[in-house]
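Heads up: the structure comes next, in structure tokens.
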Amino acid sequence: MRRFAFLLCFVAFPSLALSAEIVRLPSREGVTQSFLLFHQGERPQALALLFPGGDGLLRIRGGGSTLCRPGEEGEGERCIQLDMRGNFLVRTVGLLRDARIAAAIIDAPSDLDRLGMRPAARLTAEHVRDVRAILDWLRQRFPAAKVFLVGTSAGTLSAAHAGKALDGDLDGIVLTASVTNARHPWFSVGGFYGLAKFDFSGMGKPVLLVHHEEDACVLCPFGEAQEIAEKHRFPLVKISGGLPPKSGPCDALSPHGFYGREQETVDAIKRWILEISGR
Numbered sequence: 001m002r003r004f005a006f007l008l009c010f011v012a013f014p015s016l017a018l019s020a021e022i023v024r025l026p027s028r029e030g031v032t033q034s035f036l037l038f039h040q041g042e043r044p045q046a047l048a049l050l051f052p053g054g055d056g057l058l059r060i061r062g063g064g065s066t067l068c069r070p071g072e073e074g075e076g077e078r079c080i081q082l083d084m085r086g087n088f089l090v091r092t093v094g095l096l097r098d099a100r101i102a103a104a105i106i107d108a109p110s111d112l113d114r115l116g117m118r119p120a121a122r123l124t125a126e127h128v129r130d131v132r133a134i135l136d137w138l139r140q141r142f143p144a145a146k147v148f149l150v151g152t153s154a155g156t157l158s159a160a161h162a163g164k165a166l167d168g169d170l171d172g173i174v175l176t177a178s179v180t181n182a183r184h185p186w187f188s189v190g191g192f193y194g195l196a197k198f199d200f201s202g203m204g205k206p207v208l209l210v211h212h213e214e215d216a217c218v219l220c221p222f223g224e225a226q227e228i229a230e231k232h233r234f235p236l237v238k239i240s241g242g243l244p245p246k247s248g249p250c251d252a253l254s255p256h257g258f259y260g261r262e263q264e265t266v267d268a269i270k271r272w273i274l275e276i277s278g279r
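In terms of my numbering, the sequence shown has 220 at position 220, counting the first letter as 1, and numbering is strictly consecutive.
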């Protein structure tokens, strides 16, 4: 049983004990925007700003410089602590980050540290200003790097909305397990019903869709992602197979979170980012 538990932990959380940097910066009056920065060296070819799904509340805390494996968060000050460890983009950041790609996992801003990033918040001018503040900071730190927004599930609302608003300052957008349907009242905001009805016109930078063919989340049917790709001529990476689900269909340890297919999914994202970066 203990061996099984260890294997499950390793597969579900392939990013183990990573060096990370906590960054907190003012983004709006009275508001602090936090993110976790992962990089190897000071000259990455590309930057990936990662937007987790759900409420987006990482609650980054701790004074260390290491994102430890699950279960080690309480072991002294060396560990960075955060929620949402099972989220696809959070648990695979160690697969994405390497000498060529730096990654920043974006937390909810300080004025949303109770309710989190509900869909309405992801579609506001304030959210764009928060993303802009992160982008400006990273541009100063890594001036030669190309910049990509990467969202998963509800985080695709952030990546698409901020991506369109900041199109001139980005190099590409990656949408994984996209919320396309959004018929649930939690998502239905002001007539917005997911990316199936999002206005992608005017976006001059490349967009990549990544979706699991067996995604059973009612908000994220594969067929609608395929329709978006065909309508707008976006490339679509189709993922299939994996491990038996260990969570609900809209949670991360299922096809919706590419459970058991993490390496293949991240490899596809990395290839596309590096291809667009021209490196």
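We put the CB at the ideal spot given by N, CA and C, even for glycine.
Report the three-state DSSP secondary structure of residue i (helix, strand or coil).
i    : result
V174 : strand
E262 : helix
H39  : coil
I60  : coil
L243 : coil
H184 : coil
L195 : helix
F51  : strand
Looking only at its own chain, which residues have a Cβ that is under 6 Å from the Cβ of residue i, when we skip the five neighbours before and after it?
i    : result
M84  : P52, L58 and V90
C217 : P249, C250 and H256
P235 : L208
DSSP beta-bridge partners for residue i?
i    : result
I269 : None; I269 has no bridge partner.
P26  : T32
K238 : H211
G254 : Correcting the residue type first, residue 254 is Ser in the shown sequence and not Gly. According to DSSP, which records beta bridges pairwise, S254 is partnered with nothing at all.
L18  : L67
A46  : I101 and K146
Measure the alpha-carbon distance for residue i versus residue j and round it to whole angstroms.
i    : j    : result
R78  : G202 : 45 Å
T176 : V150 : 8 Å
K146 : H161 : 19 Å
F38  : L115 : 26 Å
F222 : E214 : 7 Å
F148 : D111 : 25 Å
F200 : G168 : 14 Å
Note down, in chain order, each residue of its chain lying with its Cβ closer than 7 Å to the Cβ of residue i, except the 5 sequence neighbours on either side.
i    : result
E224 : T180, N181 and A196
A103 : F38, A48, L50, V93, L96 and R97
Inset, instruction - Only counting runs of 4 or more residues, tell me where the alpha helix (DSSP H) segments fall wholly within the segment 85-168, in order along the chain. - result: 88-91, 93-96, 119-122, 125-141 and 155-165
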